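Accompanying notes for the structure given below.
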Amino acid sequence: MKESQDIESATVQLSPVLETTGLPGLPDSKERRYDRQLRLWAASGQSALESAHILVLGASPTSTSILKNLVLPGIGAFTILDDGVVEGKDLGANFFLETDSLGKNKAEEAIKHLGELNDSVAAHAETRALESILDDDPTYLHKFSLIIAENIPQRILERVTALLWDSSTGAGDGDADADASQTVAPPLIVVRTSGFLADFGIQLKEHSIITTHSDSAASLRIDKPFPSLLAHAFSLNFDKMDVTDHGHIPFVVILVRVLQEWKNDHAGKAPSTYAEKQEFKQRIVKMKKKDDEENFDEAVAQAYKAWTNTIVPSEIEALFNDPSTKNLTANSDPFYHLVHALQIYTSQPPHTLPLSATLPDMKSDTKSYIHLQRLYKEQAAEDKARFTDILRGIEAGAAGAGGGGSVALGMVDDFVKNAHALRLIRGKKWTGLTDDVEALTLAREMAPAAVATHLSLSALYAFEGKNGRLPKPGDGADREEMTAWVKARLTATGWAPEPEPEDSAMTGADEEEEEPMPKEITLWEHVTNAVGEVSRAPAAELPTTAALMGGMVAQEVIKVITKQYIPIDGVCAVDLASSTTGTVKV
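Structure below.
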């Protein structure tokens, strides 16, 4: 069954308060307002969200839709940067502008209505031109937690991406001699839309994730049981139990007992061959007192956990060998101090990750389950205490070297609980697929429709960069120029136009009996359709596209800000004309 998280653990950091009724333990207004999302990213995620300040470049329909989905869950603050004024065409697509806004600054008008969605969010407007900020005050961009750039000209986007990428050095480069004063620039999300097409990607220098919410469960340590679990498994007299109690023994206890008995009969070795594994399962079946004992059926279904070795996952081993872990300094990110402590911890017996106190649902009565859960919680607390001692020793060494602070206990708790599913992402500078022939070659084979959408949007902004204007809607010459641009990128990968499929020779009778196979759309047909859509409405931001992108991009923003869940890897392309999305690796 699926693992579950109770509300107590999800909101463990939220202190009960006295309501106006005077009754203790009732949730305050903030807890009631954000109850649903606290179940997704807990108090630590909400705290990160409320501490964040987002900068959005441009008060477009898509930008305000993204912000709507960040203001409602309680982002700390946001700033819209736009020096333009509201025109008549803006009113039809942007629901956060009104008739009275005509002739006024877009940013100042948009924040008025966005701020009404949540009075706890600070809304700011920046009316300077982005280019003047890049020229005169480039460090301005470093004041923010994350930046969203939507439909900004290519030449300006290139300056923004270069500024943020090149200035983000030191902390994430694994350099032991890196100057702690060097800047870590905020992540950048690039969003592009045109008619029914859109794409977006994330520029991240480095991003560590502790709470990944992975589907993979932590080990129950059945093959390496801790002393109290092993003692409990052998303290039960299975044969003398009545039928009711026997039918409620948790499968974990059954497997621990049977595995140890098996090892006693096989020189300390677990089942390894197919025949041995089948024999192991038969031992469990023979222990039944009734045919319908579901706990023993569950033990048979979970028997593979008995012969699966509890080891440190290869992905975690890779973190141990990361240069940033090996070259710890007083100013290293706390994540690397935690990883180094984990490396030392796993080098000691029993050479496993700290035990997780989380148990899956299983067939058992309440008394047996609670007792088993208590054993796991007690051992998990012991493991965490040993891990914390190692961590504090590392921090003491760092402090002696001239710095280093204590990692917060809440972060230690999260790290120990999720040690089996840590992630470290090192990204690339945003360029899309246009300059990466190898990535484009692979992507056009794996996701042709997404590649066509992405390249068509890239062609649009390449056209704008070259000609100083957007294509004229429906103009054949402009469309041909964008088509040629896409074709040149594809040709560089060795692509050639697909031949037209030959008509099969079928008799009239055959045609009546068999329906023709649906025609597979070729890459070039995808390109033709996508360039056609871009050419039809190059500057149009449709409300439907803006609404969908608002939800999708806001979701990625929350992942990055809270450092929970895993953000997209590559570029996500959206085609609302065909109701499809796809992600291509860049």
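Position one of the sequence shown corresponds to residue 499 (my numbering), numbered consecutively onward. Glycine included, every Cβ here is placed at the ideal spot set by N, Cα and C. This structure is a prediction, so every number in the text was calculated from the model and none was measured.
Check	Outcome
What are the uninterrupted segments assigned as beta strand (DSSP E) that are 3 or more residues long and contained completely in the segment 703-779, given in chain order?	705-707
Which two residues bound the contiguous alpha helix (DSSP H) that contains Ser-665?	652-665
Are the CB atoms of Val-1082 and Ala-945 nearer to each other than 7 Å?	yes
Which value, in whole angstroms, describes the spacing of the CA atoms of Cys-1070 and Val-914?	32 Å
Could you pull the start and end residues of the alpha helix (DSSP H) that Thr-1042 belongs to?	1041-1060
Is Ser-692 helix, strand or coil by DSSP?	strand
Decide if Gln-846 is buried, meaning its Cβ has at least 16 other Cβ atoms within 10 Å, or exposed.	exposed
Does the segment 1049-1063 come close enough to the segment 602-614 that 3 or more CB-CB pairs lie under 8 Å?	no
Who are the near neighbours of Arg-755 in its chain, counting only those whose CB is closer than 8 Å to its CB and skipping five residues on each side?	Ala-731, Phe-732, Leu-734 and Phe-736
CB-CB under 6 Å to Lys-787, same chain, minus the five flanking residues each way: which ones, in chain order?	Val-741 and His-744
Just checking, does the segment 795-809 make contact with the segment 865-876 on the three C-beta pairs under 8 Å criterion?	no
By how many angstroms is the C-alpha of Pro-748 removed from the C-alpha of Ile-707?	33 Å
Could you spell out the range, first to last residue, of the beta strand (DSSP E) harbouring Arg-921?	921-923
Using a Cβ-Cβ cutoff of less than 8 Å, which residues in the same chain neighbour Pro-1065 once the five nearest sequence positions on both sides are dropped?	Ile-700, Leu-702, His-705, Ile-923, Glu-1054, Lys-1057 and Val-1058
Can we say the segment 652-662 touches the segment 559-571, given the rule of at least three CB pairs closer than 8 Å?	no
Look up Leu-826 in the DSSP assignment and say whether it is helix, strand or coil.	coil
In the DSSP assignment, find the unbroken beta strand (DSSP E) run with Val-1082 in it and report its ends.	1078-1082
Could you have a look at Val-1069 and say whether DSSP puts it in helix, strand or coil?	strand
What span of residues does the alpha helix (DSSP H) with Ile-809 cover, start to end?	Counting along the chain, Ile-809 falls outside any alpha helix (DSSP H), and DSSP gives it neither H nor E.
If you draw a straight line from the C-alpha of Lys-500 to the C-alpha of Asp-859, how long is it?	With a pLDDT of 43 at Lys-500, under the threshold of 50, the predicted position of this residue should be treated as unreliable, and no value is reported.
Taking all protein chains shown into account, decide if Val-449 is buried (16 or more other Cβ within 10 angstroms of its Cβ) or exposed.	This structure cannot settle anything about residue 449, because the visible part of the chain is limited to 499 through 1084.
For Asn-649, does the count of other Cβ atoms within 10 angstroms reach 16, so buried, or fall short, so exposed?	buried
Hey, Glu-722 and Thr-808 are a contact pair by Cβ (cut 8 Å); roughly how many whole angstroms apart?	Note on identity: in this sequence residue 722 is Lys, with Glu being the wrong assignment. Between Thr-808 and Lys-722 the Cβ distance is about 5 Å, and since that is below 8 Å, they are a contact.
Jot down the residue ranges of each uninterrupted beta strand (DSSP E) in the segment 602-660, minimum 3 residues, whole runs only, in chain order.	620-624 and 644-648
Can you tell me whether DSSP reads Val-583 as helix, strand or coil?	strand
Please work out which residues of its chain come closer than 7 Å, Cβ to Cβ, to Leu-718, disregarding the five sequence neighbours upstream and downstream, and give them in chain order.	Val-750 and Lys-803
Let me know the secondary structure DSSP gives Asp-790 once reduced to three states.	coil
Considering just the uninterrupted stretch of the beta strand (DSSP E) at His-551, what are its terminal residues?	551-555
Any heavy atom of the ligand COA closer than 6 Å to the beta-carbon of Asn-829?	No copy of the ligand COA appears in this structure; indeed no ligand is present at all.
Which residue spans inside the segment 942-970 form an unbroken alpha helix (DSSP H) run of at least 4?	946-965
Who are the Cβ neighbours of Asp-1067 in its own chain at under 8 Å, not counting the five residues just before and after it?	Ile-923, Thr-1081 and Lys-1083
Helix, strand or coil for Ser-679 per DSSP?	With a pLDDT of 43 at Ser-679, under the threshold of 50, the predicted position of this residue should be treated as unreliable, though the coordinate-derived value follows. If DSSP states are grouped into helix, strand and coil, Ser-679 belongs with coil.
With DSSP run on the structure shown, which of helix, strand or coil describes Ile-447?	Given a span of 499 to 1084 for the chain in the structure shown, any question on residue 447 remains unanswerable.
Less than 8 Å between the CB atoms is what I'm expecting for Gly-601 and Val-584, so what's the real figure, rounded?	7 Å
Buried or exposed for Gln-877, going by 16 or more other Cβ atoms inside 10 Å?	buried
Helix, strand or coil: which one does DSSP assign to Gly-901?	Any reading at Gly-901 is ruled out, since the residue's pLDDT is 47, under 50, leaving its predicted position unreliable.
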